[in-house]
Amino acid sequence: MMISAKMKVTAKCCNLLFITTSFLLFISGLGVHSLDYDYFATIECMKEPQRAQYGGGIIVNSGFDHNIEGWTVFGNGTIEERISNDGNRFIVASKRTQSLDSFSQTVQLEKGLIYTFSAWLQLSEGSDTISVVFKTNGSDQLVHGGHVIAKHGCWSLLKGGIVANFSSPAEILFEVRKSRVRFHVSNVNETALEGATVVITQTKADFPFGCGMNHHILTNIDYQEWFVSRFKYTTFTNEMKWYSTEIIPGQENYTISDAMLEFAKDNGISVRGHNIFWDDEKYQPEWVKYLSPDELRKAAKKRIESVVKRYKGELIAWDVVNENVHFHFYEDKLGENASELYYLKAHELDPETKLFMNEYNTIEYSGDKVVSPPNYLKKLEEIMQSGEATEILFAIGLQGHFASGQPNLAYMRSGLDFLGNIGFPIWLTEASLDPQPNQAEYFEEVLREAYSHPAVEGIIMFAGPAQAGFNSTLLADTNFQTTPTGQVVDNLILEWGSGPYTAIADSRGIVDISLHHGDYDVTFTHPLTQNSKKLNISVRKGFSQENIHVKMHA
270 MMISAKMKVT
280 AKCCNLLFIT
290 TSFLLFISGL
300 GVHSLDYDYF
310 ATIECMKEPQ
320 RAQYGGGIIV
330 NSGFDHNIEG
340 WTVFGNGTIE
350 ERISNDGNRF
360 IVASKRTQSL
370 DSFSQTVQLE
380 KGLIYTFSAW
390 LQLSEGSDTI
400 SVVFKTNGSD
410 QLVHGGHVIA
420 KHGCWSLLKG
430 GIVANFSSPA
440 EILFEVRKSR
450 VRFHVSNVNE
460 TALEGATVVI
470 TQTKADFPFG
480 CGMNHHILTN
490 IDYQEWFVSR
500 FKYTTFTNEM
510 KWYSTEIIPG
520 QENYTISDAM
530 LEFAKDNGIS
540 VRGHNIFWDD
550 EKYQPEWVKY
560 LSPDELRKAA
570 KKRIESVVKR
580 YKGELIAWDV
590 VNENVHFHFY
600 EDKLGENASE
610 LYYLKAHELD
620 PETKLFMNEY
630 NTIEYSGDKV
640 VSPPNYLKKL
650 EEIMQSGEAT
660 EILFAIGLQG
670 HFASGQPNLA
680 YMRSGLDFLG
690 NIGFPIWLTE
700 ASLDPQPNQA
710 EYFEEVLREA
720 YSHPAVEGII
730 MFAGPAQAGF
740 NSTLLADTNF
750 QTTPTGQVVD
760 NLILEWGSGP
770 YTAIADSRGI
780 VDISLHHGDY
790 DVTFTHPLTQ
800 NSKKLNISVR
810 KGFSQENIHV
820 KMHA
């Protein structure tokens, strides 16, 4: 895969193609900038990119008028300048083997300044997310400054920036989610096996893209088939909540959640636990609302020990105290450190499971100041204040319930950027969009924005088919016919996955392919005897291209 680019910054991937790059700085706190501000922005993938603006800013040779002067190779591969038929000059990074292999330039960053960045990007094949990252000298830390989904055959505009919290030289790099894999197929005597068929099927994506599940899955065969054919990650929408498992005090009933978990396990589906407690008084078991503080403390202790011990090692995450920025039922009854104590207890009972703070409107709606990104962080810091909390595997849960109207993607991205700097993984945990004529288009924008952000490590949608009772973000109608919004989801499942992919080994017995991160079954078939051989591979971030050698008997 090559990447090409033209600076402001522009890039093309697989080869990574880079077409004009510019880098602009703002004076922090003053809103004053050193060059004309760039108001141009587009989400279109364009046939020809624009020229570098701001004269390239602090980027040297941003329009590649002087070949590749000022640019170097980072990692493996080669770089070169090319010129299109229309006279556009761009840089190409090819022979890449790892996600950060690209062209690079070092710039001097000054603490307290805000730097904005833009680039035109294109890939030599397929489509993928490309991020611009900054690597400071002498450090392995990467600071992400923006991202875009780039494609083959047209140029996509990446716009972003960073606030420098250090004064240091920094390398500008470009990161691609996919990793390059090479298979070398030979006979037992190690002669190349030209014409061997290689079939690559992804069994589980490294980026979780899942869907909420409810109790209808236990009795509706069509719902089962619909779900299993699409998703490997889920959250039970209500069935693990306290008001579902202990309707009558002292009479716990996990029959439904147990059966749903068994169904998920049988079908290779990972489950997020939702939730241990809910901080909204409205969603307590009815009998819990009237307990005294001492009675509530005892009942809550029994609840957390019961549900977490029961599912220890069975779940990939827990929402511990749901919506505890908006609401404070337990804090009002038991003290302001109630959330902190329950996170510590959940970690004590199940130390290997990620524990989420799960909130709504943090990235959806700028008007809800109660749960703004800074207030979300403030609550998280309160929970983390105990020394024991340093051992907890914290994660950031952002529900992503968007109301009608076009989503404010700029606010969403700024929130993800702010919270992403904390360093904890971020998930959209309940992504949905209210019904409206443009639902499919707008929901796709939300999902792509989340997927393309480097801090986001998973997406669960609270959406589904009509027969399972979903009526807001509807993915299939009462006859399981795919809705327009469902088609968007199906298309993204294909785009963000890999395969099945079939390739034929060349005269050297080699197949090269770029794969999304995840687990794969690979089948090799001899061109003459039709004998086959199978292997499993896992492609992860940092995966180094290897010559995976497969020997086949004639």
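Each residue of the sequence shown is one higher than the one before, starting from 270 at the first, in this note's numbering.
Glycine residues also receive a C-beta, built at the ideal position from the N, C-alpha and C atoms.
Buried/exposed call for residue i, threshold 16 Cβ in 10 Å
i, result
"G689", "buried"
"D305", "Any answer about D305 is weak, because its pLDDT of 31 lies below 50 and its placement is not dependable; what the coordinates show is given next. Burial call: exposed."
"H670", "buried"
"R777", "exposed"
"R809", "exposed"
"A465", "buried"
"M509", "buried"
"D475", "buried"
"F590", "For clarity, residue 590 is Val in the given sequence; the question names Phe instead. Label assigned to V590: buried."
"S833", "No information on residue 833 is available, as it lies outside the stretch 270 to 823 that the chain covers here."
"G407", "exposed"
"S801", "exposed"
"K380", "exposed"
"I490", "exposed"
"K404", "buried"
"T504", "buried"
"S608", "buried"
"N483", "buried"
"G415", "buried"
Euclidean distance between Cα positions of residue i and residue j
i, j, result
"Y548", "A615", "According to the sequence shown, residue 548 is Asp rather than Tyr. Taking the straight line joining both Cα atoms gives about 16 Å."
"T514", "N522", "5 Å"
"Y629", "Y612", "19 Å"
"L426", "E350", "19 Å"
"N345", "S526", "49 Å"
"Q367", "F496", "33 Å"
"Y645", "I665", "9 Å"
"K420", "E699", "28 Å"
"N627", "F546", "11 Å"
"D790", "A569", "45 Å"
"E651", "R358", "52 Å"
"S331", "Q374", "10 Å"
"K534", "K571", "26 Å"
"I573", "L716", "33 Å"
"L382", "E440", "17 Å"
"Q705", "K428", "29 Å"
"L678", "N740", "24 Å"
"L487", "L743", "20 Å"
"A280", "F343", "Residue placement at A280 is poorly supported in this model, since its pLDDT is 32, which falls under 50; the coordinates still yield a value, given next. Going from the Cα of A280 to the Cα of F343 covers about 14 Å."
"L299", "G356", "Residue placement at L299 is flagged as unreliable, the pLDDT there being 22, under the threshold of 50; the coordinate-derived value follows with that caveat. Approximately 39 Å, taken between the alpha carbons."
"S436", "I360", "28 Å"
"S363", "G656", "47 Å"
"Y680", "P723", "16 Å"
"S807", "E394", "22 Å"
"L390", "V576", "48 Å"
"S455", "A774", "10 Å"
"G766", "H785", "6 Å"
"G422", "P620", "47 Å"
"G326", "K647", "36 Å"
"L649", "N606", "12 Å"
Range of the contiguous alpha helix (DSSP H) that encloses residue i
i, result
"S526", "T524 to D535"
"K578", "P562 to R579"
"F443", "No alpha helix (DSSP H) holds F443; the beta strand (DSSP E) holding it covers S437 to V445."
"E826", "This structure cannot speak to residue 826, because the chain is shown only from 270 to 823."
"T754", "P753 to W765"
Delimiting residues of the beta strand (DSSP E) encompassing residue i
i, result
"Y559", "Note, Y559: premise wrong, no beta strand (DSSP E); not H, not E."
"Y720", "Looking at the DSSP string, Y720 is not in any beta strand (DSSP E); the run it does join, the alpha helix (DSSP H), is Q708 to S721."
"V594", "Here V594 belongs to no beta strand (DSSP E), and DSSP marks it neither H nor E."
"V417", "L411 to K420"
"G692", "Counting along the chain, G692 falls outside any beta strand (DSSP E), and DSSP gives it neither H nor E."
"I360", "R358 to S363"
"L743", "L743 to A745"
"G389", "In the sequence on display, residue 389 carries Trp and not Gly. Here the beta strand (DSSP E) through W389 covers I383 to Q391."
"E660", "Taken as a continuous stretch (DSSP letters only), E660 belongs to no beta strand (DSSP E), as it is neither H nor E."
Closer than 8 Å to chain B by CB, residue i
i, result
"V557", "Of the chains in the structure shown, none is chain B; there is only one protein chain."
query: What are the start and end residues of each continuous alpha helix (DSSP H) run of 4 or more residues lying completely inside the segment 482-515, in chain order?
result: Correct list: 490-497 and 511-514.
query: So, do the segment 536-556 and the segment 572-589 have three or more beta carbon pairs nearer to each other than 8 Å?
result: Three or more pairs of CB atoms, one per stretch, sit closer than 8 Å, so the segment 536-556 contacts the segment 572-589.
- prompt: Within the chosen definition, does the segment 478-495 reach the segment 731-744 through at least 3 CB pairs nearer than 8 Å?
  reply: Short answer: they touch.
Any 3 or more C-beta pairs closer than 8 Å across the segment 749-756 and the segment 770-778: By the Cβ criterion, the segment 749-756 is not in contact with the segment 770-778, since fewer than three pairs of Cβ atoms, one from each stretch, lie closer than 8 Å.
field: Inter-stretch contact at 8 Å, needing at least 3 Cβ pairs: the segment 440-459 / the segment 393-406
entry: Counting Cβ pairs under 8 Å, three or more are found: they touch.
- prompt: If we count Cβ pairs, one from each stretch, closer than 8 Å, do we get three or more for the segment 592-599 versus the segment 635-645?
  reply: Contact holds: three or more Cβ-Cβ distances are below 8 Å.
query: Do the segment 712-730 and the segment 475-489 make contact, defined as three or more Cβ pairs closer than 8 Å?
result: These segments touch.
query: Fully enclosed by the segment 448-472, which beta strand (DSSP E) runs are 3 residues long or longer?
result: The qualifying runs are 448-456.
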